[in-house]
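For the sequence shown, my numbering puts the final residue at 305, and the numbers step up evenly by one.
Ideal placement from N, C-alpha and C gives every residue a C-beta, glycine not left out.
All of these numbers come straight from a predicted model, not from anything done at the bench.
What follows is one structure encoded as structure tokens, with my remarks underneath.
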Amino acid sequence: MTEPYQPDNEEIATRIREGTYFEEARRWYDVVYLNPISERYFFVVVVVLGVLIFLFSFSGLMGLMPLKPREPFVYPNENMVDLLPRIERLREDADADVNKVISEYYLAQYVRMREGYYEPEFTKHRRFMQNYSDNAVYNEYNRMIQPSNPRSPVRQYGKHNMRNIDIRQIQVNRAVEPDEAVVNFTAEVITAQGIEKSNWTARVKFFYSGISQQELDAAANGGEDTRLTMPEFQVVGYNVQEQMAGTAQ
């Protein structure tokens, strides 16, 4: 058997004096200990970057789901320069009852249109009252707004004043027929002399057809060609009264 090579002391001494011994020792240490650590860290960095890229790609892909056609929403606007439409969600809570939210939206809009006044939009308010009131309620409203009536908003506010309505609270009683609602609101009259606020309560009797649960389930499940039937809303009774000081709810 051949003996392993063993450098003699003289050769080692020569390498030490020339410095090659230490250079070879350093290179051996780099190969045995340092290089594997560097490669390991590099591998870890590559893996981390790969995981991050995968997560971002997966998140972006899920943002595209579900892949289904979206029905366009048509919003009529007579003046795109001065009037910019702003579409907001009716439900702040995704679990809120859809029919409850829509009926309260109709009630709020009805009271705003009936009690508010702004001369350039008065015709639109009147048309809204006609579309969402039965004959008796609309005829009463129509008599109230006639210029011959001293309490008519046309007589009270004219072309240069306005009355804004801020809905504070809506309480609906569906245990009776037709449904009844109590709407508390603040009226803000703006004139050249200043701003005057007052609190009022409107009691509204109305019919609301609602959206069927079957249609809601189909829309929630993302069914193709889902169409929701427009719910019907009609006011059949209306009474408003100013709240006395200290009785605001």
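When DSSP builds the beta bridges, which residues end up paired with residue i?
i: D235; result: F262
i: Y173; result: R219
i: V103; result: Bridge partners of V103: none, in fact.
i: K208; result: One detail in the question is off: residue 208 reads as Ser in this sequence, not Lys. Per DSSP, none; premise fails for S208.
i: Q225; result: N240
Quick one: what does DSSP say residue i is sitting in, helix, strand or coil?
i: Q305; result: Low local confidence applies: a pLDDT of 48 at Q305 is under 50, so the model's placement there is unreliable, with the coordinate-based value given in what follows. The answer is coil: DSSP assigns Q305 none of H, G, I, E or B.
i: S189; result: strand
i: A243; result: strand
i: G250; result: strand
By Cβ distance, which residues of its chain are closer than 6 angstroms to residue i, with the 5 residues on each side in sequence left out?
i: M169; result: H181, F184
i: E171; result: I221
i: A258; result: V167, V239, V296
i: E175; result: K215
Does the separation of the CB atoms of residue i and residue j fall below 7 angstroms?
i: F241; j: R230; result: no
i: N155; j: G266; result: yes
i: K253; j: V292; result: no
i: V193; j: W256; result: no
i: L163; j: I226; result: yes
i: R219; j: V245; result: yes
i: D190; j: Q290; result: yes
Between the alpha carbons of residue i and residue j, how many angstroms are there, rounded?
i: T285; j: Q269; result: 11 angstroms
i: V104; j: S159; result: 52 angstroms
i: V157; j: V228; result: 11 angstroms
i: G119; j: R142; result: 24 angstroms
Apart from the five residues just before and just after residue i, which ones in its own chain have a Cβ nearer than 7 angstroms to its Cβ?
i: D149; result: none
i: Y173; result: P209, Y213, M218, R219
What does a CB cutoff of less than 8 angstroms around residue i pick up in its chain, not counting 5 residues either side in sequence?
i: E196; result: Y294
i: M57; result: For M57, the predicted structure reports a pLDDT of 48, less than 50, and the residue's modelled location is therefore unreliable. The matter cannot be settled from this model.
i: R199; result: N205
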